[in-house]
Amino acid sequence: MSNLRQLLPRRAVRPRDPRSVSVVDRHHADFDQPLTMRSGDVLERFRIGYETYGKLNADASNAILICHALSGDSHVAGYYTDDPAEKPGWWDEAVGPGKMFDTERYFVVCSNVLGGCRGSTGPASIAPDGKPYGLRFPLVTIADMVAAQARLADYLGIERWFAVAGGSMGGMQALQWAVDLPERVANVLFIASTPRSSTQNIAFNEIGRQAIYADPHWRNGDYYGQAVKPDAGLAVARMIGHITYMSEHSLEEKFGRNLQDHTEVKYTFDTEFAVESYLQYQGFKFTERFDANSYLYITKALDYYDVAQGYGTIYDALRGVLANFLVISFSSDWLYTDKQSRQLVEPLRRLKKEVEYHRVDATFGHDSFLVEVDKMAAIISRYLDKMWERRQRVGA
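In my numbering, each residue's number is its place in the sequence shown (first place is 1) plus 999.
1. Can Ser-1124 and Asn-1111 be called in contact, C-beta distance under 8 Å?
2. Taking just the CA atoms, how far does Asn-1257 sit from Arg-1117?
3. Would a C-beta distance cut-off of 8 Å place Ala-1226 and Phe-1283 closer than the cut-off?
4. For Ser-1038, I'd like the list of residues in its chain whose CB is within less than 7 Å of its CB, leaving aside the five on either flank, ordered along the chain.
5. Can you give the Cα-Cα distance for Leu-1188 and Ala-1377, rounded to whole angstroms?
6. Would you mind working out which of Pro-1033, Tyr-1382, Leu-1034, Cys-1066 sits nearest Tyr-1049, comparing C-alpha positions?
7. When burial is assigned at 16 or more other CB atoms within 10 Å of the CB, is Asp-1337 buried or exposed?
8. Within the same chain, show all residues whose beta-carbon is closer than 8 Å to that of Tyr-1314, passing over the 5 residues directly before and after it, in chain order.
9. For Glu-1353, name the three-state secondary structure that DSSP assigns.
10. Assign Arg-1135 to buried or exposed, taking buried as 16 or more other Cβ atoms, counted over all protein chains shown, within 10 Å of its Cβ.
11. Does the stretch 1239-1259 come close enough to the stretch 1349-1366 to have 3 or more Cβ pairs within less than 8 Å?
12. Look up Cys-1109 in the DSSP assignment and give the residues it is bridged to.
13. Just the C-alpha distance for Tyr-1382 and Ala-1177, rounded to the nearest angstrom, thanks.
14. Grab the span of the beta strand (DSSP E) containing Val-1023 for me, first residue to last.
15. Identify every residue that forms a DSSP beta bridge with Val-1178.
16. Could you please give the first and the last residue of the uninterrupted alpha helix (DSSP H) stretch that includes Ile-1125?
17. How about Val-1022 and Asp-1081: are their beta carbons less than 8 Å apart?
18. Considering only the beta carbon of each residue, do Tyr-1052 and Gly-1071 sit closer than 8 Å?
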């Protein structure tokens, strides 16, 4: 993959959004109280990396937690420097003054998940014996991620979130907050997600993991400090995942059968099609910011996810929730389909919980929740405004 930097043109420097939250700082919180995981393992101490945007009001009632997806992190918006070429946070169009998550009204928090590699404790972190955890790190579940976030909320002085929001894996975390800690979340924004990973979801994740296992540089997870990391396997895993985030229409529209850097097929195994070049580049870029073991752990957490686990049925799991729900799915999303979203909506309605559901027409597949911000803003801004006005009126 040594020539992949040349496969796509250099990213153009775009003018910064004047409504951006601008330069932000990385933060972290360290916790010494043991965390008992769903697996039964105990993490004696851990760190959570996070970022904040806006200001917490006097009674800490305006806090919104945004939960990230598999490949995301705590850098949801803004920039780390004044460098105009720097890439903004992964949901910069959604978070900022006057935006979907309006930082002039709300105090927005985004944390890196437990098991991640972007500021929070995970397999690449140093264990008590002074060596990286590697595969000695305990298996993580979505519920464990939420339990760690609850510690962060305590640290920040937030007793109850006005809203917990997230797309994809972030939606799972938001739902788990409502189930595990019902008194601590008023509203859940469940976007492009599922209450239960399907067999197909698990199958795609396993292919990605097998690509990492097959990389000889993976060394059974003990590659830290080595000259070569399992980047080839991680890149292939990312390529597989990236396909599931798009739709057939978006791939066809963006690339078609266009050739890369030539006008006629060469009948070789070299990169010939533009879509091949794109996927290789995406895989390569991912290895620059992500840890292969974290990819294994987080995809396993996705596979384990079933909100009904431990309850028997989804109805039993949802019976005690107190939050109001906004559920959004996208017509072209074949990773977490609108059918899967309805598997949450229908039980909530039968249980007489307050839920608002929108199926958004969009062509970008699962990535629509990142791309179709304008369509979502009309729904989410109105919903948050409604719930904020209700809170002001009734004081709850």
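Backbone N, C-alpha and C fix where the C-beta goes; we use that ideal spot for every residue, glycine too.
For clarity, every value in this text was computed on a predicted model and none was experimentally measured.
According to the structure shown:
1. Here residue 1124 refers to the residue found at position 125 of the sequence shown. Here residue 1111 refers to the residue found at position 112 of the sequence shown. No, these two residues do not count as a Cβ contact at 8 Å.
2. Taking the first residue of the sequence shown as position 1, residue 1117 is located at position 118. Taking the first residue of the sequence shown as position 1, residue 1257 is located at position 258. Distance between the alpha carbons of Arg-1117 and Asn-1257 is about 36 Å.
3. By 1-based counting over the sequence shown, the position of residue 1226 is 227. By 1-based counting over the sequence shown, the position of residue 1283 is 284. No. Outside cutoff.
4. For the purposes of this step, residue 1038 is taken as the residue at position 39 of the sequence shown. Excluding residues within five positions, the ones whose Cβ falls inside 7 Å are Pro-1137, Leu-1138.
5. Within the sequence shown, numbered from 1, the residue matching residue 1188 stands at position 189. Within the sequence shown, numbered from 1, the residue matching residue 1377 stands at position 378. Taking the straight line joining both Cα atoms gives about 14 Å.
6. Looking up residue 1049 in the sequence shown gives position 50. Measuring from the Cα of Tyr-1049, the nearest candidate turns out to be Cys-1066.
7. In the sequence shown, counting from the first residue as 1, residue 1337 sits at position 338. So Asp-1337 counts as buried.
8. Walking along the sequence shown from the start, residue 1314 turns up at place 315. So the list reads Pro-1346, Arg-1349, Leu-1350, once near-sequence residues are dropped.
9. By 1-based counting over the sequence shown, the position of residue 1353 is 354. Note: Glu-1353 maps to coil in three-state DSSP.
10. Within the sequence shown, numbered from 1, the residue matching residue 1135 stands at position 136. Result: exposed.
11. The answer is yes - the stretch 1349-1366 touches the stretch 1239-1259, with three or more Cβ pairs under 8 Å.
12. One-based indexing of the sequence shown puts residue 1109 at position 110. DSSP output for Cys-1109 lists Glu-1050, Ile-1065 as bridge partner(s).
13. Locating residue 1382 in the sequence shown gives position 383, counting from the first residue. Locating residue 1177 in the sequence shown gives position 178, counting from the first residue. Straight-line Cα distance between these residues: approximately 18 Å.
14. Counting from one through the sequence shown, the residue named residue 1023 turns up at place 24. Neither: Val-1023 is in no beta strand (DSSP E) and is coded neither H nor E.
15. Residue mapping note: residue 1178 aligns to position 179 of the sequence shown, counting from 1. Answer is none; Val-1178 lacks a bridge partner.
16. Counting from 1 along the sequence shown, the entry for residue 1125 is found at position 126. Element bounds for Ile-1125: n/a, residue is neither H nor E.
17. Here residue 1022 refers to the residue found at position 23 when the sequence shown is read from its first residue. Here residue 1081 refers to the residue found at position 82 when the sequence shown is read from its first residue. Result yes, Cβ atoms of Val-1022 and Asp-1081 sit closer than 8 Å.
18. Residue mapping note: residue 1052 aligns to position 53 of the sequence shown, counting from 1. Residue mapping note: residue 1071 aligns to position 72 of the sequence shown, counting from 1. The answer is no: Cβ separation not under 8 Å.
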